[in-house]
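J.: Sequential numbering of the sequence shown, starting at 2, is according to my numbering. A virtual CB, placed ideally from N, CA and C, is assigned to each residue, including glycine. Right, I'll just put the structure down here and ask away after.
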Amino acid sequence: MQRAAARRITLVCNFIVLLAAAGCSHANAAACPLHTTETLEIQGSTLCLRMGDASPSRRQLLHTWVVRSANIVANYYGRFPAPLVVLNLESMDGAGVGGGHATNDSGLAIAASAGRDVTAAGLSDDWVLVHEMVHLALPEVGRRHNWLAEGLATYVEGVARAQFGNREIADVWAENRHSMPMGLPRSGEGGMDQTSTWGRTYWGGALYCLQAEVAIREQTGNRVGLQTALRAILEETGGYGFERNIDEVLRIGDAATGTRALEDLYQQSKITPQAVDLDLLWSRLGVPTDPKTQPFDHHAPLAAIRIAITAPYKSRIGKR
Ligand SMILES: [Zn+2]
């Protein structure tokens, strides 16, 4: 979902009240703001959940949703991408999950809404919270480069959930195949830094990520991918709480993979619209027209790269 840079969330730290607040069971709960309902520790990071007057059963639902989403993102990045974040979990009508926002105006915060009738299964299928948490891993690179922030959140959400076993691999590729054409430039549109349409921002950005992923893996014999670059960017910049120049961010990612994939692709596409041959890309990766009903082509030239991108996390342990 869109990052709302203009939205201000004031964090008021009241240590005495917080230490006494119900649900704040961990030693560094004092870092959470007033009205925190529950404090979670996820792989060394603190998540402050604010759930208003939610019932105990609803709190449990939301707790499970947050823990799963945070672990999906933490496994992708090697750690949760922020030392402390406030999650404002609001209610809405219905059984769905509404829009989310990640903000960095006054401390890191994520706002998301879940329907009053939402179920555990509905929350398990949710993409919004993972998407917002992925935003925490990239420094602020400026509005002109919002396509990079939204593209990464869009692309990594599917890959990270597939790696975790939270989303079918075929479903991820089906969505990429279906949605990435929306990221192609239309007649008269400029490069990635010159257009701010929804399609270019989200799916054009996601296509940039997939192209970079494939290029990195082709150039490294499929030894490392975009994930390695993104982990280095998080480690060296500190993520969304900091501002960095986009060129510097891409250089950090490329240094980690020993390539120039991110920088070269950016130079090619920032002011020049790229007519990417998507049919050729799917063919080389072995992605069928309808991945949910048709088999992948395991003999395609880049089949091993496709498999490596979404390989389940458990099969990777000990391999990197
Ligand atoms: Zn977003």
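Can you name the start and end residues of the beta strand (DSSP E) that SER92 belongs to?
T.: Unbroken beta strand (DSSP E) run through SER92: 85–93.
J.: To the nearest angstrom, how far is the alpha carbon of ARG307 from that of TYR241?
T.: Rounded to the nearest angstrom, the two C-alpha atoms are 29 Å apart.
J.: Just to confirm the assignment, what range does the alpha helix (DSSP H) spanning ALA171 have?
T.: Note, ALA171: alpha helix (DSSP H), 170–180.
J.: Taking the alpha helix (DSSP H) that GLY159 belongs to, which residues open and close that run?
T.: First-last of the alpha helix (DSSP H) with GLY159: 147–165.
J.: Give me whichever residues DSSP pairs with VAL1 in a beta bridge.
T.: Residue 1 lies beyond the residue range present for the chain, which begins at 2 and ends at 321; the question has no answer from this structure.
J.: From what residue to what residue does the beta strand (DSSP E) around THR258 run?
T.: Segment 247–258 is the alpha helix (DSSP H) holding THR258; no beta strand (DSSP E) there.
J.: From PRO302 to ALA75, what distance separates their C-alpha atoms?
T.: Going by the C-alpha atoms only, they are around 31 Å apart.
J.: What does the alpha-carbon distance come out to for the pair ASN147 and THR196?
T.: One C-alpha to the other measures close to 10 Å.
J.: Touching or not, the stretch 264–283 and the stretch 183–198, by the rule of three or more beta carbon pairs under 8 Å?
T.: Taking 8 Å as the limit for Cβ pairs, the verdict is that the stretch 183–198 does touch the stretch 264–283.
J.: Going by other Cβ atoms of all chains shown within 10 Å of its Cβ, with 16 needed for buried, is THR65 buried or exposed?
T.: Exposed, since its Cβ has fewer than 16 Cβ neighbours within 10 Å.
J.: Would you say the beta carbon of ALA154 is closer than 6 Å to some non-hydrogen atom of ligand 1?
T.: Result yes, Cβ under 6 Å from ligand 1.
J.: Could you name the residues that DSSP lists as bridge partners for CYS49?
T.: Its beta-bridge partners are THR40 and VAL87.
J.: Please say whether ALA207 and TYR349 have beta carbons closer to each other than 7 Å?
T.: Since the displayed the chain opens at 2 and closes at 321, residue 349 lies outside it and no answer follows.
J.: Near ALA71, which residues of its chain fall below 7 Å by C-beta distance, leaving aside the five closest residues on each side in sequence?
T.: The residues are ILE43, LEU48, PHE81 and MET134.
J.: ALA171: buried (16+ other C-beta within 10 angstroms of its C-beta) or exposed?
T.: With 16 or more Cβ atoms within 10 Å of its Cβ, ALA171 is classed as buried.
J.: Please report the distance separating the alpha-carbon of SER46 from that of PRO84.
T.: Computed Cα separation, rounded: 5 Å.
J.: Just how far apart, CA to CA, sit PRO289 and ASP280?
T.: Whole-angstrom Cα-Cα distance: 10 Å.
J.: Do you know offhand how far LYS315's Cα is from SER188's?
T.: Cα to Cα, the separation comes out at about 44 Å.
J.: Any heavy atom of ligand 1 closer than 6 Å to the beta-carbon of GLU176?
T.: No, ligand 1 has no heavy atom inside 6 Å of this Cβ.
J.: Of the residues ALA233, VAL225, LEU251 and ARG178, which one's Cα is nearest the Cα of LEU286?
T.: Of the candidates ALA233, VAL225, LEU251 and ARG178, the one whose C-alpha sits nearest the C-alpha of LEU286 is ARG178.
J.: Residues in the same chain with beta-carbon distance under 6 Å from GLY159, minus the five sequence neighbours each way, listed in chain order, please.
T.: The answer, listed in chain order, is VAL173.
J.: Is the Cβ-Cβ distance between ALA103 and HIS136 less than 7 Å?
T.: Against a cut-off of 7 Å, the Cβ pair of HIS136 and ALA103 comes out as a contact.
J.: Closest to ASN223 by C-alpha separation, out of ILE310, GLN295, GLY152 and ALA161, would be which residue?
T.: Closest by alpha carbon: ILE310.
J.: Measuring only between beta-carbons, confirm whether GLN269 sits less than 7 Å from chain B.
T.: Among the chains of the structure shown, chain B does not appear; only one protein chain is present.
J.: Could you have a look at ALA301 and say whether DSSP puts it in helix, strand or coil?
T.: It is coil, neither helix nor strand.
J.: Exposed or buried, which one is TRP204 when buried takes at least 16 other CB atoms within 10 Å?
T.: Classification of TRP204: buried, given that the 10 Å Cβ count is 16 or more.
J.: Output the distance between the C-alpha atoms of ALA312 and ALA304, rounded to the nearest integer angstrom.
T.: Taking the straight line joining both Cα atoms gives about 12 Å.
J.: What do you reckon, is the C-beta of GLU151 under 6 Å from a heavy atom of ligand 1?
T.: Checking every heavy atom of ligand 1 against the Cβ of GLU151, one is found closer than 6 Å.
J.: To which residues of the same chain is LEU124 closer than 6 Å at the C-beta, ignoring the five residues directly before and after it?
T.: Excluding residues within five positions, the ones whose Cβ falls inside 6 Å are TRP66.
J.: What does DSSP give as the partner residue(s) for GLU133 in the beta ladder?
T.: Answer is none; GLU133 lacks a bridge partner.
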